[in-house]
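> Next up is a structure, given as structure tokens.
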Amino acid sequence: MANDILVGRQPIYRRNMDVYAYELLFRGRSETEAGVTDGDRATSEVLYNTFVEIGVDEIVGRHRAFVNLTPSFLLGEYPLPTTEGQLVLELLEDTPVTDEIVNAVANLRARGYTIALDDFVYQPHLEPLVRQADIIKIDLMQLGDGELEKHVERLSGNGTRLLAEKVETHQEFHHCRELGFDLFQGFFFCRPEVVRGNHLPTNRVAIAELLSALQDPDVELSTLERLISRDVTLSYRLLRLINSAYFNLRREVDSVGRALMLLGLDAVRNWATLLTLSSVEDKPTELVRTAVIRARLCQNLGATVDPNTSSDLYFTVGLFSTLDALLDQPLEAVLEQLPLSQPVARALLERGGIPGAVLDCVLAYEQGDWAAVENNTCGIAPGSVRDAYLEAVQWADDLMREIVA
């Protein structure tokens, strides 16, 4: 794959916070050529690379994939993948409403493609496209509250699903759900829902205490073994994971002590921490998946730019970058209760040092901020970040199948 083509994904949620689909975020080659903007070429490249070179399963798994399309694709001038049932075709807000376009969209829908209207603001001349749409995406940034309610009232009731995009807070999510939206997209799920001073809610205290003990830099093997073993649920899940096909060990591991001897203190510490975070109730599985992707991607990039530092440090930085959202507290308040090393704490709170720069790059890629990826201060080529990201996504998806089994 060309090194200047970047592909990422952003989750789209159902009302119950299960993942419905992923929107493909991409930067095509044309955007790197000065003075050239060719949407058709960029879309053609991302579709080819996603469905042929990479494979859609590697990026979105069993979920649907939303892809922005230009009129040339709608009119058949460029080929579309044949995975009709998995692909959601997004019509951009500036798509011309002509008889030719409307007929082409109707034909694509008849072939089994799902049709979505992107960044939708109602105007009467858009009615022909509204009648062909399965999903209408409404950007919260473009509409005031009164206009949002009018849009919902106008567009509801005809079988079309409404998708709220750029949902940045849990308050916005709850409001949109009450209005009748069916699908939700934005970074609200990566933010804390409730802030109650600097004290963790009761149901989070035990988790914070366990995390604190696990992250003690002076913990000894025997202490870590006792710590994990006394938590029946954690030790059971840890041994089940280690004995799963994911690790593919030749012999069964029947004790935490045996696991420590085989995998080492740092590895078991990371796995136990991950399983502890995944046990947080009332949080979407995708939040844990995001933490795992960040952890693996930080680890991959850290090994490249800082080979003299343990990759476990980078793994911890990525994993703990979602602690505020998992525990519903400001990150500063959570970290005060954890005996983290200075480089980890500085990376999380200040984006300091090489670990902080790596985390910045990881978050930029996650959000599709391609300019920040291009200009990352780690000196990593964007194509290398992309390759590490795709590996991290596959690694995380494989791991999550074992964790949530």
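For the sequence shown, my numbering begins at -8 and goes up steadily by one.
The beta-carbon is built from N, C-alpha and C at its ideal position, and this holds for glycine as well.
1. Using the Cβ count rule (16 or more neighbours within 10 Å means buried), how would you classify Val259?
2. With the cut-off set at 8 Å, would you say Leu278 and Phe180 are in Cβ contact?
3. Please classify Glu272 as buried or exposed, where buried requires at least 16 other C-beta atoms within 10 Å of its C-beta.
4. State yes or no: is the C-beta of Ala282 within less than 8 Å of the C-beta of Leu268?
5. For Val384, count neighbouring C-beta atoms within 10 Å of its own C-beta (all shown protein chains included) and say buried if the count is 16 or more, exposed if not.
6. Could you give the residue range of the beta strand (DSSP E) that holds Arg152?
7. In whole angstroms, what separates the C-alpha of Gln133 from that of Val112?
8. Any contact between the segment 210 to 228 and the segment 157 to 172? By contact I mean 3 or more CB pairs, one from each, below 8 Å.
9. Which word fits Ser312, buried or exposed, when buried means at least 16 other C-beta atoms lie within 10 angstroms of its C-beta?
10. What are the boundary residues of the alpha helix (DSSP H) that Asn94 is part of?
11. Tell me whether Asn59 is buried or exposed, calling it buried when 16 or more other Cβ atoms sit within 10 Å of its Cβ.
12. What is the rounded straight-line gap between the Cα of Gln358 and the Cα of Pro346?
13. According to DSSP, which residues form a beta bridge with Ile3?
14. How is the beta strand (DSSP E) around Ala107 delimited, first residue to last?
15. Is it buried or exposed, Ala362, if we count other Cβ atoms within 10 angstroms and call 16 or more buried?
16. With DSSP collapsed to three states, give me the class of Ala282.
17. For Thr23 and Pro373, I'd like the C-alpha separation in whole angstroms.
18. Please report the Cβ distance between Asp257 and Ser301, rounded to the nearest whole angstrom; I am assuming they are in contact, meaning their Cβ atoms lie under 8 Å.
19. Under 8 Å: do the segment 381 to 395 and the segment 327 to 335 share three or more Cβ pairs, one atom per stretch?
20. Along the chain, where does the beta strand (DSSP E) that runs through Asp85 open and close?
21. Looking only at C-alpha atoms, which of Val47, Asn366, Thr89, Val51 sits nearest to Leu65?
22. What's the call for Gln290, buried or exposed, on a 16-neighbour Cβ count within 10 Å?
23. Counting along the chain, where does the beta strand (DSSP E) carrying Lys128 start and finish?
24. Relative to the C-alpha of Leu83, which candidate in Glu75, Ser63, Glu144, Asn239 has its C-alpha closest?
25. Please report how far the alpha carbon of Leu205 lies from the alpha carbon of Asp245, in whole angstroms.
On the basis of the coordinates in this document:
1. In the sequence shown, counting from the first residue as 1, residue 259 sits at position 268. With 16 or more other Cβ atoms within 10 Å, it is buried.
2. Along the sequence shown, one-based indexing puts residue 278 at 287. Along the sequence shown, one-based indexing puts residue 180 at 189. The Cβ atoms of Leu278 and Phe180 lie closer than 8 Å to each other.
3. If you number the sequence shown from 1, residue 272 lands on position 281. Taking all protein chains shown into account, Glu272 has fewer than 16 neighbouring C-beta atoms within 10 Å of its C-beta and is therefore exposed.
4. In the sequence shown, residue 282 corresponds to position 291, counting from 1. In the sequence shown, residue 268 corresponds to position 277, counting from 1. Taking 8 Å as the Cβ cut-off, Ala282 and Leu268 qualify as a contacting pair.
5. Position 393 of the sequence shown holds residue 384. Per the 10 Å Cβ criterion, buried.
6. As a first step, residue 152 is located in the sequence shown; it is residue number 161 there, counting from the start. Its beta strand (DSSP E) spans residues 152 to 156.
7. Stepping through the sequence shown from its first residue, residue 133 is reached at position 142. Stepping through the sequence shown from its first residue, residue 112 is reached at position 121. Going by the C-alpha atoms only, they are around 8 Å apart.
8. Using a C-beta cut-off of 8 Å, the segment 210 to 228 makes no contact with the segment 157 to 172, since fewer than three inter-stretch Cβ pairs fall below that distance.
9. Stepping through the sequence shown from its first residue, residue 312 is reached at position 321. Classification for Ser312: buried.
10. On the sequence shown, position 103 is the one that residue 94 refers to. Here the alpha helix (DSSP H) through Asn94 covers 90 to 101.
11. Mapped onto the sequence shown, residue 59 falls at position 68. Sixteen is the threshold: when 16 or more other Cβ atoms of the shown chains lie within 10 Å of the Cβ of Asn59, as they do, the residue is buried.
12. Here residue 358 corresponds to residue number 367 of the sequence shown, with the count starting at 1. Here residue 346 corresponds to residue number 355 of the sequence shown, with the count starting at 1. Straight-line Cα distance between these residues: approximately 19 Å.
13. Here residue 3 refers to the residue found at position 12 of the sequence shown. Per DSSP, Ala12, Gln176.
14. Numbered from its first residue, the sequence shown carries residue 107 at position 116. For Ala107, the uninterrupted beta strand (DSSP E) run begins and ends at 105 to 108, by DSSP.
15. Here the question's residue 362 lines up with position 371 in the sequence shown. Answer is exposed; the Cβ neighbour count stays below 16.
16. Counting from 1 along the sequence shown, the entry for residue 282 is found at position 291. Residue state, collapsed to three classes: helix.
17. Translated into the one-based positions of the sequence shown, residue 23 becomes position 32. Translated into the one-based positions of the sequence shown, residue 373 becomes position 382. The predicted model places Thr23 with a pLDDT of 46, which falls under 50 and marks its position as unreliable; any figure quoted below should be read in that light. Near 12 Å, if we compare the C-alpha coordinates of Pro373 and Thr23.
18. What you label residue 257 is simply residue 266 of the sequence shown in a count that begins at 1. What you label residue 301 is simply residue 310 of the sequence shown in a count that begins at 1. The beta carbons of Asp257 and Ser301 sit about 7 Å from each other, so the pair counts as a contact at 8 Å.
19. Verdict: no, contact absent.
20. Your numbering for residue 85 matches position 94 in the sequence shown. If you look at Asp85, you'll find it isn't in any beta strand (DSSP E); DSSP assigns it neither H nor E.
21. Looking up residue 65 in the sequence shown gives position 74. Nearest of Val47, Asn366, Thr89, Val51 to Leu65, Cα basis: Thr89.
22. Stepping through the sequence shown from its first residue, residue 290 is reached at position 299. Classification for Gln290: buried.
23. Counting from 1 along the sequence shown, the entry for residue 128 is found at position 137. Lys128 -> beta strand (DSSP E) spans 126 to 130.
24. As a first step, residue 83 must be located in the sequence shown, where it is residue number 92. Of Glu75, Ser63, Glu144, Asn239, the smallest CA-CA separation from Leu83 is found for Ser63.
25. For this step, residue 205 is matched to residue 214 along the sequence shown. For this step, residue 245 is matched to residue 254 along the sequence shown. Cα-Cα distance, rounded: 21 Å.
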